[in-house]
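S.K.: Protein chains in written order, with full-length UniProt numbering: chain A, 1 to 239; chain B, 1 to 379.
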Amino acid sequence: MSAAREMLCDTARAVFADAQEGGIAPIETAGFGLLLVSEADGGFGGDWGDANAVLRIAGVAVPDLPVTDLILSGLAPVPDALRAAATVGLMAGAAGQALGLSIEHVNTRQQFGRPLGKFQAVQQSLAVLACEVAALDAAAAAMAARLDATGLDAEAADFEIAAAKLRANRAVGVVTAIAHQVHGAIGFTREYDLHRVTIPLMRWRSMHGSDAYWAERLGRQVAGLGGRGLWEALTARAE
Amino acid sequence: MQGFALYPFDPPGDSSALRTGLRRWLAEHQPQDDVVRRANCWASFDPDFSRALGAAGYIGMTLPARYGGGERHPLERYVVIEELLAAGAPVGAHWIADRQTGPLILRYGSEEQRERYLPGIARGETYACIGLSEPGAGSDLASVRTTARETAEGWRINGQKIWTTGAHLSHIMLALVRTEEGSERNAGLSQLLIDLDTPGITIRPIIDMAGHHDFNEIFFDDVLVPHAALVGERGQGWKQVTAELGLERSGPERYLSSHALFAALIDAAGPDPAPALAVLIGELAAEMWTLRQLSMSTAAKLAAGEDPMVEASVVKELGNAFEQEMPRRVQAVVECGWDDPDDLARLLRALLIASPSFSLRGGTREVIRGIIARGLGLR
Numbered sequence: 001m002s003a004a005r006e007m008l009c010d011t012a013r014a015v016f017a018d019a020q021e022g023g024i025a026p027i028e029t030a031g032f033g034l035l036l037v038s039e040a041d042g043g044f045g046g047d048w049g050d051a052n053a054v055l056r057i058a059g060v061a062v063p064d065l066p067v068t069d070l071i072l073s074g075l076a077p078v079p080d081a082l083r084a085a086a087t088v089g090l091m092a093g094a095a096g097q098a099l100g101l102s103i104e105h106v107n108t109r110q111q112f113g114r115p116l117g118k119f120q121a122v123q124q125s126l127a128v129l130a131c132e133v134a135a136l137d138a139a140a141a142a143m144a145a146r147l148d149a150t151g152l153d154a155e156a157a158d159f160e161i162a163a164a165k166l167r168a169n170r171a172v173g174v175v176t177a178i179a180h181q182v183h184g185a186i187g188f189t190r191e192y193d194l195h196r197v198t199i200p201l202m203r204w205r206s207m208h209g210s211d212a213y214w215a216e217r218l219g220r221q222v223a224g225l226g227g228r229g230l231w232e233a234l235t236a237r238a239e
Numbered sequence: 001m002q003g004f005a006l007y008p009f010d011p012p013g014d015s016s017a018l019r020t021g022l023r024r025w026l027a028e029h030q031p032q033d034d035v036v037r038r039a040n041c042w043a044s045f046d047p048d049f050s051r052a053l054g055a056a057g058y059i060g061m062t063l064p065a066r067y068g069g070g071e072r073h074p075l076e077r078y079v080v081i082e083e084l085l086a087a088g089a090p091v092g093a094h095w096i097a098d099r100q101t102g103p104l105i106l107r108y109g110s111e112e113q114r115e116r117y118l119p120g121i122a123r124g125e126t127y128a129c130i131g132l133s134e135p136g137a138g139s140d141l142a143s144v145r146t147t148a149r150e151t152a153e154g155w156r157i158n159g160q161k162i163w164t165t166g167a168h169l170s171h172i173m174l175a176l177v178r179t180e181e182g183s184e185r186n187a188g189l190s191q192l193l194i195d196l197d198t199p200g201i202t203i204r205p206i207i208d209m210a211g212h213h214d215f216n217e218i219f220f221d222d223v224l225v226p227h228a229a230l231v232g233e234r235g236q237g238w239k240q241v242t243a244e245l246g247l248e249r250s251g252p253e254r255y256l257s258s259h260a261l262f263a264a265l266i267d268a269a270g271p272d273p274a275p276a277l278a279v280l281i282g283e284l285a286a287e288m289w290t291l292r293q294l295s296m297s298t299a300a301k302l303a304a305g306e307d308p309m310v311e312a313s314v315v316k317e318l319g320n321a322f323e324q325e326m327p328r329r330v331q332a333v334v335e336c337g338w339d340d341p342d343d344l345a346r347l348l349r350a351l352l353i354a355s356p357s358f359s360l361r362g363g364t365r366e367v368i369r370g371i372i373a374r375g376l377g378l379r
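#1: Residues of chain A with CB under 7 Å from Phe219(B), in chain order?
#2: Can the beta-carbon of Val223(B) be found closer than 7 Å to that of Thr198(B)?
#3: Below 8 Å between beta carbons is the criterion; list the residues of the stretch 105 to 126 of chain A that meet it against any residue of chain B, in chain order.
#4: If you follow the beta strand (DSSP E) that Glu150(B) is in, where does it begin and where does it stop?
#5: What span of residues does the beta strand (DSSP E) with Lys161(B) cover, start to end?
#6: Once the 5 residues before and after residue 277(A) are set aside, which same chain residues still bring their CB inside 6 Å of it?
#7: If you draw a straight line from the alpha carbon of Arg379(B) to that of Asn169(A), how long is it in whole angstroms?
#8: When burial is assigned at 16 or more other CB atoms within 10 Å of the CB, is Ala184(A) buried or exposed?
#9: For chain B, find out if any of its Cβ atoms is closer than 7 Å to the Cβ of Ala85(A); answer yes or no.
#10: Pick helix, strand or coil for Gly33(A), following the three-state DSSP scheme.
#11: Give every residue of the same chain whose Cβ lies closer than 6 Å to the Cβ of Ala53(A), excluding the five residues on either side of it in the sequence, and list them in chain order.
#12: Please confirm whether residue 386(B) and Gly237(B) have their CB atoms less than 7 Å apart.
#13: Please list the partners that Gly93(A) has in chain B, where partner means a Cβ-to-Cβ separation under 7 Å.
#14: Tell me the residue span of the alpha helix (DSSP H) that contains residue 241(A).
#15: Pull up the distance between the alpha-carbon of Ile358(B) and that of Arg254(B), whole angstroms please.
#16: With 7 Å set as the bound, which would you pick, yes or no: does the beta-carbon of Ile281(B) sit closer than that to a beta-carbon of chain A?
#17: Measuring straight from C-alpha to C-alpha, what distance separates Ala128(B) and Val36(B)?
#18: Output yes if chain B places a C-beta closer than 7 Å to the C-beta of Glu239(A); else output no.
#19: Give, in chain order, every unbroken run of the beta strand (DSSP E) that is at least 3 residues long and sits entirely within the stretch 258 to 322 of chain B.
#20: Is the beta carbon of Leu36(A) closer than 7 Å to that of Gly74(A)?
#21: Specify, as a first and last residue, the run of the alpha helix (DSSP H) that Asn169(A) falls within.
#22: Could you name the residues of the same chain whose beta carbon sits closer than 6 Å to that of Ala303(B), not counting the 5 residues immediately before and after it, in chain order?
#23: Does His213(B) pass the burial test, meaning 16 or more other C-beta atoms within 10 Å, or should it be called exposed?
#24: Tell me which same chain residues have a C-beta within less than 6 Å of the C-beta of Gly363(B), skipping the five on either side of it?
#25: What are the start and end residues of the alpha helix (DSSP H) that includes Ile368(B)?
#26: What residues in its chain sit with their C-beta under 8 Å from that of Ala86(A), if we drop five residues either side in the sequence?
#27: I think Ala228(B) touches Ser190(B), with their Cβ atoms under 8 Å apart; what is that distance to the nearest whole Å?
#28: Should the stretch 26 to 46 of chain B be called in touch with the stretch 246 to 260 of chain B, which here means at least 3 C-beta pairs below 8 Å?
#29: State yes or no: is the beta carbon of Pro12(B) nearer than 7 Å to at least one beta carbon in chain A?
#30: Looking only at its chain, what residues have a beta carbon closer than 7 Å to the beta carbon of Thr108(A), apart from the 5 residues adjacent to it on each side?
#31: Among residues of its own chain, excluding the 5 on either side of Arg77(B), which ones have a beta-carbon nearer than 8 Å to its beta-carbon?
#32: What are the boundary residues of the alpha helix (DSSP H) that Leu90(A) is part of?
#33: So for Met61(B), helix, strand or coil by DSSP?
#34: Under 7 Å, Cβ to Cβ, is there at least one residue of chain D near Phe45(B)?
#35: Is there a C-beta anywhere in chain A that falls below 7 Å from the one on Trp338(B)?
#36: Could you round the C-beta distance between Ala142(A) and Gln113(B) to whole angstroms and report it? I think they count as a contact, below 8 Å.
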């Protein structure tokens, strides 16, 4: 990550921590609405990679605040596909947090005289969870790269947005199920933080396009490309 | 761990020109194979094709020129192999030598071994097999019992290897053997580079459930190989094998084995598929695109000189799941008879039968998940 993006993330972490008490106001005041506005227009001049990094933090720290709306407000007009793209960033952050909480829990919680993480059944489940998180991260990063290569043109990045939101949606079922299963009853309480990421994940899966919506849309696009054409398009779009 | 480290895939030079050149070359030189041979094509042996590919400079690409290599960047090689796999080219003959044996000889081998073996590998003429599994050492590789005793004349090898893909068509085997008497588990192991025409070696076929002869069992009966067959450091075999497995697990072959079926499905669906079929194609396309990112990122980490053990395992786990699920999901949606003669039905049948092996070869799903769990800080 570049130094500028590191600084942006540090700021986001600090501001979002304040926003947990103060609502969206401190985030607005800190200027996150200008993140994607060009420097010439008085903005921060950030790219989608920056937005993705900030949204990952928002997905963990302030999942219930309209941070995506605020960040996208710098662009006009905002196609719904970009809202889907922004949601992928939130989902990547929340899924990573679900993994982190799960690792922490199984390494501390003792049963049968040893930490849960010593049991192969638990290890295998967490490996599956980690794979889904990796897939979501990679999808979010590749989508960001395409959006940045096309100057945030949602039409030109239609394949990547569809694929990334679909992949993120599909990860939700596995991530929430395994994270809750390895946590046991404590993860089902209001007091413990797991629901602060799993409920938003469930909500985001329904927002800006379900699995079926994006799958059919992407499937039609691919059908139009043909079998060989899919490979040619995949490689050309990333080069 | 905390997450899969994402590395940007940024090969030097013009990779689209590299792709275009290879696509043009393939249009001229790829044999008009039966479509079923284009699936899982890194198991399709075609020495004539391998030689032509080597002559064109597409094998041993990363090796130094003095050993006949192309001195290209590892990510340029990645571009080439993903193109070969996506085209369904019959790359099986040279696959293992190019992917892991050559790089391992370059890294750990003696000057004599490099000069002796690498030029043949780069020409697509010298083929290698992997001597790891034994009857008592499958997932539990550290239970290897084949021994090599150092004598005045050289190493005397006794024991047995099994599930060795392509041994009957290969010239050399890179074998993991126990060189230290009384040693246990992963200590006391070494790698030997064995010419398979050495007296005392018996190779017997094992026919798989598809009726193919891909793997073999190999018996070593007092086989004498020279002292110079030792690769790398005596007793460091485990460490060297671990590095070799990193090369083996993360490549594009871990998600492109079933690609011929996906392409046939898309073509059979036509430009206006029924909704259920469109959904299936969309889901498969999204997963394939995601896997490509993961695999490219892992290749970039490897190329940066770092050890992507966990990342490679993630690619293998998700890739195997993808390419195993694909024929099952296609079967669930597409109406075609088991014995239908069209390409889609034949590919489907072949991959349904071949796919159980995908999460066995190169490390079972359970072993791979265990490696990921260790990377997460469990255990």
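In this text, a Cβ means the ideal position worked out from N, Cα and C, and glycines have one as well.
M.R.: Short version:
#1: Per Cβ cutoff of 7 Å: no residues; Phe219(B) is ~34 Å from chain A at best.
#2: For Val223(B) and Thr198(B), yes; Cβs fall inside 7 Å.
#3: If the cut-off is 8 Å between Cβ atoms, the stretch 105 to 126 of chain A has Val106, Asn107, Gly117, Lys118, Gln120, Val122, Gln123, Gln124, Leu126 near chain B.
#4: 147 to 150
#5: Taken as a continuous stretch (DSSP letters only), the beta strand (DSSP E) holding Lys161(B) covers 155 to 162.
#6: No answer is possible for residue 277(A): the residues shown for chain A start at 1 and end at 239.
#7: 30 Å
#8: Reading off the sequence, residue 184(A) comes out as Gly, not Ala. By the neighbour-count rule (16 or more Cβ atoms within 10 Å), Gly184(A) is not buried but exposed.
#9: no
#10: Gly33(A): helix per DSSP, three-state reduction.
#11: Arg5, Cys9
#12: The shown model of chain B, from 1 to 379, leaves out residue 386(B), and the question about it has no answer.
#13: Those within 7 Å of Gly93(A) in chain B number zero; the least Cβ separation is about 11 Å.
#14: Here chain A covers residues 1 to 239 and nothing more, so residue 241(A) does not appear.
#15: Contrary to the premise, residue 358(B) reads as Phe rather than Ile in this sequence. Answer to the nearest angstrom: the Cα atoms are 8 Å apart.
#16: yes
#17: Straight-line spacing of the CA atoms in Ala128(B) and Val36(B) works out to 24 Å.
#18: yes
#19: none
#20: yes
#21: 158 to 183
#22: Pro74, Leu75
#23: exposed
#24: For Gly363(B), same chain residues with a beta-carbon under 6 Å away, outside a window of 5 residues either side, do not exist.
#25: 365 to 375
#26: Ala51, Leu55, Thr68, Ile71, Leu72
#27: With 8 Å as the limit, Ala228(B) and Ser190(B) do not qualify as a contact, their Cβ atoms being about 13 Å apart.
#28: yes
#29: Taking CB atoms only, Pro12(B) has no neighbour in chain A less than 7 Å away.
#30: For Thr108(A), where only same-chain residues beyond five positions count, the Cβ hits under 7 Å are Pro115.
#31: Met61, Thr62
#32: 80 to 108
#33: coil
#34: Reference to chain D is not applicable here, since the protein chains of this structure are A and B.
#35: No, because no Cβ of chain A sits closer than 7 Å to the Cβ of Trp338(B).
#36: Going by Cβ atoms, the distance from Ala142(A) to Gln113(B) rounds to 40 Å, so no, they are not a contact pair.
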